[in-house]
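Participant: I am attaching a structure below and will ask some questions about it afterwards.
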Amino acid sequence: MDWLDNLIKTFLDFEAMWLVFPQLLGVGLVNTLVISIAATVIGVALGMVVAIMGISPSKWLRVPARLYTDIFRGLPAILTILLIGQGFARVSQQIFGPSPYPLGILALSLIASAYIGEIFRAGIQSVDRGQLEACRALGMSYGAAMRLVVVPQGVRRVLPALVNQFIAIVKDSSLVYFLGLLVTERELFRVGQDAAVLTGNLSPLVLAGLFYLVITVPLTHLVNYFDDRFRTGRRKPAPPKSGLDEVEDLTPNPALTYGSNT
């Protein structure tokens, strides 16, 4: 059973896990959440702009939106991160200093906005066109109708897909380590990898993977919950009504019958 002992020592060395646990919790987890949440917020804002441009009647807005979406959805995430992180390094140094942290967030935001823009576009276009026509008939402008009626309905329909996109961003945040983050800016994967290299053991990476699972698995179940909730609606079905009530309504009242005869 030497092979089993080797596997346990390689992947389940609890001593190595315990040594790296404080760094994973205090540094890696915090930076992963900061990168993911910041990229998601920026991606949602840019994605909404891309979605509105994509459904605009003007081709001067639709064509750039389509090109933007095709480029950032078609390129591998690691290639986009390297192009942004290395191509704008000098500009970033003048603004943010030597840290590539902001460029990593920017790259993930551009990738996320392309996907989120398509999510928003699909949600907005799924709203019945009669909603827009009714708003126009009431005298609302196109912009006001989209902003107040159509877009809120479309966003509500795609909330589960947005949570799925956040899960994807959390996992893609591990690619930012290619930019060479500072020690205090390392995310979960980089902390686990550094510890694995120092100890010659893969257990720190296994623990980093467990941290990712702690984030993504509950969110996955949350997506399923919201999806079921939106499909079935908030109202509970009314209990079946007994047919005896209808029979009682049809049965003539003897008192009323007697009174009418008299």
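Residue numbers for the sequence shown follow my numbering, beginning at -13 and rising by one.
Glycine included, C-beta positions come from ideal geometry on N, C-alpha and C.
Remember, it's a predicted structure, so these values are computed and weren't measured experimentally.
1) CB GLY109 to CB GLY140, shorter than 8 Å?
2) Residue range of the alpha helix (DSSP H) that TYR163 falls in?
3) So what's GLU173 in DSSP terms, helix, strand or just coil?
4) Is it buried or exposed, ILE57, if we count other Cβ atoms within 10 angstroms and call 16 or more buried?
5) Please classify ALA210 as buried or exposed, where buried requires at least 16 other C-beta atoms within 10 Å of its C-beta.
6) By a C-beta neighbour count over all protein chains shown, 10 Å radius and 16 as the cutoff for buried, is ALA25 buried or exposed?
7) Please list the terminal residues of the continuous alpha helix (DSSP H) segment that includes GLY90.
8) Would you tell me roughly how many angstroms separate the C-alpha atoms of ASP(-12) and ALA2, rounded to the nearest one?
9) By DSSP, does SER44 sit in helix, in strand, or in coil?
10) Please report the straight-line C-alpha distance between ILE155 and MET132, rounded to a whole angstrom.
11) Go ahead and pull the three-state DSSP assignment for ASP(-1).
12) When the Cα atoms are used, what is the spatial distance from LEU167 to ARG52?
13) Hey, how far is the Cα of MET126 from the Cα of VAL6?
14) In this structure, does DSSP put PRO146 in helix, strand or coil?
15) Return the CA-CA distance between SER246 and ARG122, expressed in angstroms with no decimal places.
16) Which residues bound the alpha helix (DSSP H) around PHE82?
17) Does the beta-carbon of LEU(-7) have 16 or more other beta-carbons within 10 angstroms, so that it is buried, or is it exposed?
18) If we count the other Cβ atoms within 10 Å of its Cβ and call it buried at 16 or more, is SER44 buried or exposed?
19) Around the C-beta of VAL183, are 16 or more other C-beta atoms found within 10 angstroms, so that it is buried, or is it exposed?
20) Compare the Cα-Cα distances from LEU165 to each of LEU19, SER22, VAL20 and GLY73 and report the closest residue.
21) Taking 8 Å as the cut-off, does the segment 137 to 153 touch the segment 172 to 191 (at least 3 CB pairs, one atom from each stretch)?
22) Could you check the C-alpha separation between HIS207 and LEU145 for me, to the nearest Å?
23) Between which two residues does the alpha helix (DSSP H) holding ARG122 run?
24) Should ARG142 and ILE41 be called a contact, given that it needs their Cβ atoms to be closer than 8 Å?
25) Go through its chain and collect everything with a Cβ distance to ARG48's Cβ below 7 Å, but skip five positions before and after it.
26) Quick one: Cα of ILE67 to Cα of ALA181, how far?
27) GLY129 lies in the alpha helix (DSSP H); which residues open and close that run?
Facilitator: Reading off the structure:
1) Contact check for GLY109 against GLY140 passes: the beta carbons are separated by less than 8 Å.
2) Careful: TYR163 lies outside any alpha helix (DSSP H) and carries neither H nor E.
3) For GLU173, the three-state secondary structure derived from DSSP is coil.
4) ILE57 comes out exposed.
5) Here residue 210 turns out to be Asn, not Ala, going by the sequence shown. When all chains shown are included, ASN210 counts as exposed.
6) buried
7) According to the DSSP assignment, GLY90 belongs to the alpha helix (DSSP H) that extends over 87 to 111.
8) 20 Å
9) coil
10) Distance from the CA of ILE155 to the CA of MET132, rounded to the nearest whole angstrom, comes to 28 Å.
11) coil
12) 33 Å
13) So the alpha carbons of these two residues sit roughly 59 Å apart.
14) helix
15) Interpretation of SER246 is limited by its pLDDT of 49, a score under 50 that renders its predicted location unreliable; the figure taken from the coordinates is listed afterwards. The alpha-carbon atoms of SER246 and ARG122 are separated by roughly 57 Å.
16) 75 to 82
17) exposed
18) Flag for SER44 reads exposed.
19) exposed
20) GLY73
21) no
22) 13 Å
23) 115 to 123
24) no
25) MET39, GLY40 and SER42
26) 24 Å
27) 128 to 131
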